[in-house]
Every structure is written in C-alpha cells, then in structure tokens.
Amino acid sequence: MDDITLRQDILDELDFEPSIDAANIGVAVEDGIITLTGHVSSYSEKETAERVVKRVKGVRGIAQEIEVRIFGNRETSDDDIARRAANMLDWNVSIPKGAVQVKVQKGWVTLTGKVEWQYQKNAAADAVRNLAGVVGLSNVIELTPRVSAADVKKRIEDAFKRDAELESQGIRVEVSGGSVTLRGKVHTWSERRAAERAAWSAPGIKTLNDQIAIG
Numbered sequence: 001m002d003d004i005t006l007r008q009d010i011l012d013e014l015d016f017e018p019s020i021d022a023a024n025i026g027v028a029v030e031d032g033i034i035t036l037t038g039h040v041s042s043y044s045e046k047e048t049a050e051r052v053v054k055r056v057k058g059v060r061g062i063a064q065e066i067e068v069r070i071f072g073n074r075e076t077s078d079d080d081i082a083r084r085a086a087n088m089l090d091w092n093v094s095i096p097k098g099a100v101q102v103k104v105q106k107g108w109v110t111l112t113g114k115v116e117w118q119y120q121k122n123a124a125a126d127a128v129r130n131l132a133g134v135v136g137l138s139n140v141i142e143l144t145p146r147v148s149a150a151d152v153k154k155r156i157e158d159a160f161k162r163d164a165e166l167e168s169q170g171i172r173v174e175v176s177g178g179s180v181t182l183r184g185k186v187h188t189w190s191e192r193r194a195a196e197r198a199a200w201s202a203p204g205i206k207t208l209n210d211q212i213a214i215g
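Number 42 in this note's numbering belongs to position 42 of the sequence shown; there are no gaps in the numbering.
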C-alpha cells in the first residue's frame, strides 16, 4: 500500500471513531510510519487515536506527538486529580488495597507500587486515564514475579496456541527473569498486538521486548 492511500485510510478511520474529535489531529505517513500531531481535549482521546491508527492495515509504526489541551472550566487542580485517582484505585476490586500510589504534577499522573500480575497494572491505568484534567499517564508499577522462567515461557506459548487471532508457529519466546523477548514474523500489526497481549498475560512479566517483524 502506498503512503497516500494509507494516510487516507487512517483519516477515514479516525473520522469513523465516535469517541474522538479528529478535526484537530494531523496525520503524516512515510514508508508506513505514521506521525500523529495536533491536539485533543483529553488523554483518553489521545490514547484512542493511537489505538485507531494501529488497527489500520499497512501501519508499520507510530510516532505519537498529539498534545492534550484542556480548556476553560475543565481545568482541574493536581490535588483534585490525585484525590479522585486514589479513590478510583481503592474502589477497583482488581487492584490490591494500598498496592498502588499516585503522584500528579501539572495534570500528569504517575502510578507507582507493586502488584503480582500485569492485568492489575493495566487495571490501575484504566482506572485513572479517563479522569477529567489528566493530560498524561506514566505507569511505572512494578511486577513481582512468583513463578519460574520455564513456567512463564510455557504459559505464553500455550496462550499463543489458544489465540484465534494468532498464527504462532513463527514466534519464538525467550524468558530471562521477568523479561520476555518475542522474535519471529507475523502478517499483520494486529497479530503482533495479539502476541503482546498473550505474553503480558503471564504472571510476573516486568518487561516485554517485541522484536516480531511484520510482513
């Protein structure tokens, strides 16, 4: 697919997504690498725009340069954001009580602490990313592994086999401590994302190095 056609497909997909206002989002394409510019009114819209672009066929990579601009009475103090974020974390049954701490600076939320599973780390981010006033999110919660590397490798490979979106024969899994490396080749970006999701589903994974090629 040529860059001009790919750019139009992305613009059409952004316009089709009802949860974002794409009027102020710019799209540039070079050799399948997408650069997103412009501004949106919430961090949630910024993340949604990136997810929308990732699902378009032909996208090889994304440079995310969209700004979050909060206007008028929607501006919220850091103290208020931190208070509401802490409440959301306390109310979420997926997150162990007291395991995650919140810091807010100029609307940017940083999450720290320790949990056992990646889904708990993701749940913490999901709990706060849509709060009014949030302009960015850093999720630096640590994962504390309780299983062996061999067990993690087997769990990931078994997850690959169960995933209907994924042809896993060409993917190799390497595990060292809490770090997982994926190598090989898949046909589409969505297959690569499916492999990442399956890998993150294993307990105790701290980092994921995705070296899967698309083509």
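Ideal Cβ placement from N, Cα and C applies to all residues, glycine included.
| Query | Result |
| --- | --- |
| Validate contact between the region 113 to 128 and the region 91 to 101 using beta carbons, cut 8 Å, 3 pairs | yes |
| Residues near Asp80 in its chain [Cβ-Cβ closer than 8 Å; skip 5 each side] | Gly133 |
| Those runs of the alpha helix (DSSP H) which lie wholly inside the region 71 to 144 and span at least 4 residues | 78 to 91, 118 to 128 |
| As assigned by DSSP and simplified to three states, the class of Val27 | strand |
| Extent of the continuous alpha helix (DSSP H) to which Glu47 belongs | 43 to 54 |
| Cβ shell of Arg172 (< 6 Å), same chain only, five flanking positions each side left out | Arg183, Gly184 |
| Rounded separation between Lys154 and Val102 - CA only | 34 Å |
| Backbone CA spacing between Leu208 and Leu11 [nearest angstrom] | 30 Å |
| Alpha-carbon to alpha-carbon, Ala194 and Val135 | 28 Å |
| C-beta atoms of Ala49 and Val40 nearer than 9 Å | yes |
| Cα-Cα separation, Ala150 to Asp15 | 45 Å |
| Span separating the alpha-carbon of Thr35 from that of Gly61 | 9 Å |
| Beta-carbon contacts of Ala159 that lie in its chain and below 6 Å, excluding the five residues immediately before and after | Ala198, Ser201 |
| Whether Leu143 touches Gly58 by CB criterion (9 Å) | no |
| Glu17 versus Thr188, Asp2, Lys46, residue with shortest Cα-Cα distance | Lys46 |
| CB contact flag (Arg192, Asp163, <9 Å) | no |
| Closest by C-alpha distance to Gly26, when choosing among Tyr43, Lys121, Ser19, Gln64 | Gln64 |
| Given Met88 as reference, the closest of Met1, Asp31, Ala123 once Cα atoms are compared | Ala123 |
| Same chain only: Cβ atoms within 7 Å of Ile214, ignoring 5 sequence neighbours per side | Arg60, Val186, Thr188, Trp189, Arg192 |
| Spatial distance of Leu111 from Ile156 (CA atoms) | 26 Å |
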